[in-house]
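Right, one structure below, let's go through it.
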Amino acid sequence: RILITGSLGQLGSELAKMLRAKYGKENVVTSDIRKPDVPEDGPFKYIDVLNYQQMEALIVDHRIDWVVHFSALLSAIGEQQPAKALQVNIQGFQNIVDLAKVHKLRVFCPSTIGAFGPTTPADNTPDLTIMRPTTIYGITKVHMELMGEYYHNRYGVDFRSLRYPGVISAESLPGGGTTDYAVDIFHHALKTGEYTCFLSEKTRLPMMYMHDCLKGTMMMLEAPNEQLKQRVYNLAAFSFTPEEIAEQIRKHVPLKVAYRPDFRQAIADSWPRSLDDTNARQDWQWSHDYDLKTMVGEMLTKLRRHYPAVGKQ
Ligand code: VAH
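Read in order, the letters of the sequence shown are residues 6 to 318 in this note's numbering.
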């Protein structure tokens, strides 16, 4: 049985659908600290990952053997609520990895380009390099990587992690991230044809379409242990700037963008411009399917349903 924490978030909600389709609805338990807006298509538990006893009862009662731990405060919200981010991101993961040790669970917990910092080589950033992040979120994710590897090496816990780039999705909304502009821009393009971007037009960041994020996550979740030469891998697809994605969108619908960088600019400036994920491609045959052009086309096709034909060309 699989447990997903933070299952109502951008990644959890879409991974839950994919895992339930593959493993059966009853074999995927979703959980979050808020209640679902719509009835869940399988077992759901309203739970706080900070409550060790409740988490242990869930794991035992539902006979969980894999945990996909998505609960976390992301980069932007983490800077606004640092104490909560430390508590949820550090203690929440500690509970999961302790439970994994006691109950022999496989644990997947995503890391992020946010685990890198301003002193990290910014172009084609390798898996193994300087990691001195300057956000609470990044610090907690470096901690998660190191603690997961410690539990793997010392106690044999089957810990796995992928450093995600910014993820762009149509079905689910992101929350509290610095890369979220790349989702917001689509909604504004279709709603009003105008968008005020909170990053400057030249801010290049590694990004990925949700289809590829789910594909890579499923591959990493299911890879036989002997295929994994490391516990944490970079996962990448392509990088772009706000003006580059705006240009692509303008090929389909009219779009005027104003650039008003806010506190998230400093976060974005501390992150890599592109990632090197050669090891993932070599060790477990990772490859991405979408590039900027095909992602923009599919995003607009999917989102058009939610908006009256505004400026449809
Ligand atoms: C964020 N979307 O912006 C998340 C992610 C790579 C970025 O960690 O915080």
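From the three backbone atoms N, C-alpha and C, an ideal C-beta is built for every residue, glycine too. Being a predicted model, the structure only gives us computed values, none of them experimental.
Within the DSSP secondary-structure output, L280 pairs in a beta bridge with T130. Minimum Cα-Cα distance from T139 among the listed residues P131, Y156, A120 corresponds to A120. Between I69 and L8, the C-beta gap is smaller than 9 Å, which places the two residues in contact.
Here the alpha carbons of T246 and A273 stand approximately 11 Å from one another.
Ranked by Cα distance from N100, the options L219, L24, D53, T117 are led by D53. Here D37 is bridged, per DSSP, to Y51. A Cβ-Cβ separation of about 3 Å places F75 in contact with G11 under the 8 Å criterion.
For Y214, the enclosing beta strand (DSSP E) covers residues 210-214.
Proximity annotation: the ligand VAH has residues L79, S80, T117, I118, G119, G171, G182, T183, T184 in chain order, each selected because its CB is closer than 5 Å to a heavy atom of the ligand. In the DSSP assignment, H74 falls within the beta strand (DSSP E) that extends over 71-74.
Three or more beta-carbon pairs separated by less than 8 Å are not found between the region 247-259 and the region 215-233, which leaves the two stretches without contact. For L178, there is no enclosing beta strand (DSSP E), as DSSP marks it with neither H nor E. Using a Cβ distance threshold of 9 Å, K109 and G198 do not count as a contacting pair.
Assignment of C114 by DSSP, reduced to helix, strand and coil, places it in the coil class.
A contact between stretches requires three or more CB pairs, one per stretch, nearer than 8 Å, and the region 172-192 fails this requirement with the region 235-242. T124 and M304 have their alpha carbons spaced roughly 34 Å apart.
Taking 8 Å as the upper bound for CB-CB distance, L63 and S80 are not in contact here, some 28 Å apart. Nearest C-alpha to M223 among F113, T117, E150, K106: F113.
Between the beta-carbon of Q96 and that of L55 there is about 6 Å, and that keeps the pair under the 8 Å contact cut. DSSP, read as helix, strand or coil, puts N239 in strand. The residue from Q15, W71, R39 with its alpha-carbon nearest to that of Y28 is W71. K89 carries a helical assignment under DSSP once its states are collapsed to helix, strand and coil. In the DSSP assignment, G171 falls within the beta strand (DSSP E) that extends over 171-173.
In the same chain as V93, and ignoring 5 residues on each side of it, the C-beta atoms closer than 8 Å to its own belong to V54, L55, S76, A77, L78, in chain order. Relative to the Cα of I144, the nearest Cα in the group D128, Y169, S116 belongs to S116. For K298, the enclosing alpha helix (DSSP H) starts and ends at 297-309. Taking the Cα positions, T208 is about 43 Å away from E61. Per the DSSP secondary-structure output, K261 pairs in a beta bridge with E199.
Shown here, R137 sits in coil according to DSSP, grouped into three states, outside any helix or strand.
With a cutoff of 9 Å on beta-carbon distance, K106 and V147 are scored as not near each other.
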